[in-house]
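The numbering of the sequence shown is this note's numbering, which starts it at 920 and goes up by one.
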Amino acid sequence: MGIIIKQSLRNALISYLGIAIGFVSTVKLFPSILETDQFGLTRTLLAIMFIGTQLISLGLPNSIIKFYPSLAQKTDFPKGILIVFFIPILICFLVLGIIFILAKDFLLTLYSDTPLLSEFYLYVLPLIIFSSLFSLLKNYISALFDTVFSSFLQEISQRVVVVLALFAVYFQLINFEIFIAIFVLNYGLQFIILFIYGYNKNFIKLRPAFDILKKSTIKSISNFSFYTFLGGLTMILVGNIDILMIGAFQDLAQTGIYAVALYVGTVISMPRKVVYKISYPIITKAFSENRLEEVKNVYKQTSLNQYLVGLLLYVGIWANIDNLYALLPPEYSAGAAVIFVIGAANLFDLVSGANGQIIFASKYYRFDLKATIFLVILAVTLNLIFIPKLGILGAAIATASSIFLYNVIKLIYVWIRFRMQPFTWRSIAITINGVIVLALSYLIPEFDNLFADILIRSLLMAVVYSTIIFAFNISEEFKIATKGVLNKISNLL
């Protein structure tokens, strides 16, 4: 767990700095600089990108983490393993690209009320290939227990480029079409930078390790990749079908309003993304060495620490919800209920811990496919029912229901197979702590200055929340991480 604490802390600092940049750009810059439908277009392009990336990646990003330790022992060229994994992705991209071009007219009929999408339809293709290559490369480097630089590129560098492009639009240095071009090419830039980094760190060689392509190895990787591909695709569909269906049933303006609320609600899930980058390789290694007790410990600690941070974010956001929407154009206030619903679902995802990682890393990884296929059907059905009736709130209810049910299924399955569950008395203590802090926040007087109110309210809540965590010794990892940050700050001073 020492590696998890050390790299997770660095990743956390990077991720939350990225969140701050992303929050400002999503909540303030995008709505203020772009038209609502233009912002909605960027979210729709990203939703299509996520689905397309999963389609052509074939589950290989997860496979390279699982199989790298064994593959590296079977080849004379372990640093050429990445190049071998690149090849099927490039082939699949060519096939998808041809289909995407041929099906253009049919697909655009689904978005007949959103002409802006037809103008930038083909921009999706470079988004998909750049994202796919970056995802595989990032996971390959993560398998070598190096996660910090890729996090920096994904969370900070990528967002900074977008912010600079937005300012260029604001000052009329570029038009919207050039902005979208920069928005797309930015993904390619991050991939190139990460590839150069990996090459300079001697992680990568251009000579392919074709000697890993033995029949038994190909069969094992193919089986695992197939199930993780389908499982991942269904989860990507669940996570993005709301954006796509709002665009189809409503319009890009409603998509933009929903996207802001969805982003704020999803900020709560960032602890999971931080911990996942390093905990999954460790869980995989523990399973390969049959160290189930270590898997159990990681399961409980990921649940505890993800939930601890996520709940603080949730109550902090909800206590400042009026301040948040005061920063936005009036039409965006319709998304407040979306934040509440999506945020609650993401909290349950956090407290559920690394259940998905445990299933993926075990011999029972095929189970995830059955569960997620059911969830895709459920998510599509619920969106079809609720979006026409409740608009963006209906989309939030459908998405939240999918997240909740998926985690319940995984929790039950992990318990049945491994007799592991992530909850302890500390989970209840954290919940009570969050309720207390949220209740106390309403006793804080309002300040005339909006930013002063946000700052003072948030700081007071964080101090009270953290003090209770320390006083009752709820999380040892939280204490270690906090002391580490405070020591670094004191050294700087």
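Cβ atoms here follow ideal geometry from the backbone N, Cα and C, with glycine treated the same way.
query                                                                                                                         : result
Residue 1110 versus residue 1120 - alpha carbon distance                                                                      : 15 Å
CB of residue 1294 within 8 Å of CB of residue 1226, strictly                                                                 : no
Straight-line Cα distance separating residue 1000 from residue 1124                                                           : 8 Å
Nearest-angstrom Cα separation, counted from residue 967 out to residue 1082                                                  : 22 Å
Residue 1129, buried or exposed, once every other Cβ within 10 Å from all chains shown has been counted against 16            : exposed
Neighbourhood of residue 1365 by C-beta distance below 8 Å, restricted to the same chain and skipping five residues each side : 1372
Contact check, residue 1157 vs residue 1298, beta carbons under 8 Å                                                           : yes
Residue 1241 to residue 1380 span [Cα, whole Å]                                                                               : 16 Å
Simplified DSSP assignment, three categories, for residue 1316                                                                : helix
Residue burial classification, residue 971 (beta-carbon count within 10 angstroms, cutoff 16)                                 : buried
Three-state secondary structure assigned by DSSP to residue 1225                                                              : helix
Three-state secondary structure (DSSP) of residue 920                                                                         : Here the model assigns residue 920 a pLDDT of 48, short of 50, so the residue's position is not dependable and the matter cannot be decided.
Unbroken alpha helix (DSSP H) run spanning residue 1099, endpoints                                                            : 1095–1119
Counted within 10 angstroms of its Cβ, other Cβ atoms place residue 985 as buried (16 or more) or exposed                     : buried
Through-space distance from residue 1084 to residue 1102, alpha-carbon basis                                                  : 8 Å
Closest Cα partner of residue 1148 within the set 1168, 1088, 1286                                                            : 1286
Short Cβ contact (8 Å threshold) for residue 1052 with residue 1002                                                           : no
Identity of the residue in 964, 1004, 998 nearest residue 981 by Cα                                                           : 1004
Alpha-carbon to alpha-carbon, residue 1116 and residue 1186                                                                   : 28 Å
Reference residue 1201; option with closest CA among 1280, 1028, 931, 1367                                                    : 1280
Reduced DSSP category for residue 1248 - H, G, I as helix; E, B as strand; rest coil                                          : coil
Buried versus exposed call for residue 1089 [16 or more other C-beta atoms within 10 Å across all chains shown]               : exposed
Contact under 8 Å by Cβ, residue 1036 with residue 1027                                                                       : yes
C-alpha distance - residue 954 paired with residue 1394, whole-angstrom precision                                             : 45 Å
Residue 1382 burial status per 10 Å Cβ neighbour count (16 or more: buried)                                                   : exposed
Proximal residues to residue 920 (C-beta, below 6 Å), its chain only, five neighbours per side dropped                        : Caution is warranted here: a pLDDT of 48 is assigned to residue 920, below 50, making its placement in the model unreliable, and the coordinate value is therefore given only provisionally. None.
Residue range of the unbroken alpha helix (DSSP H) whose run includes residue 1158                                            : 1134–1168
Neighbourhood of residue 1291 by C-beta distance below 6 Å, restricted to the same chain and skipping five residues each side : 1150, 1153, 1154
Buried/exposed call for residue 1091, threshold 16 Cβ in 10 Å                                                                 : exposed
For residue 1346, the first and last residue of its enclosing alpha helix (DSSP H)                                            : 1344–1360
Residue span of the alpha helix (DSSP H) that contains residue 1024, given as start and end                                   : 1023–1028
Outcome for residue 1374 when other beta-carbon atoms lying within 10 angstroms are tallied against a minimum of 16           : exposed
Alpha-carbon to alpha-carbon, residue 1025 and residue 931                                                                    : 43 Å
Pairwise C-alpha distance: residue 1386 and residue 1400                                                                      : 14 Å
Proximity below 8 Å, CB of residue 1416 to CB of residue 1176                                                                 : As shown, the chain starts at 920 and ends at 1412. That puts residue 1416 outside it, with no answer to give.
DSSP-derived helix/strand/coil call for residue 1271                                                                          : coil
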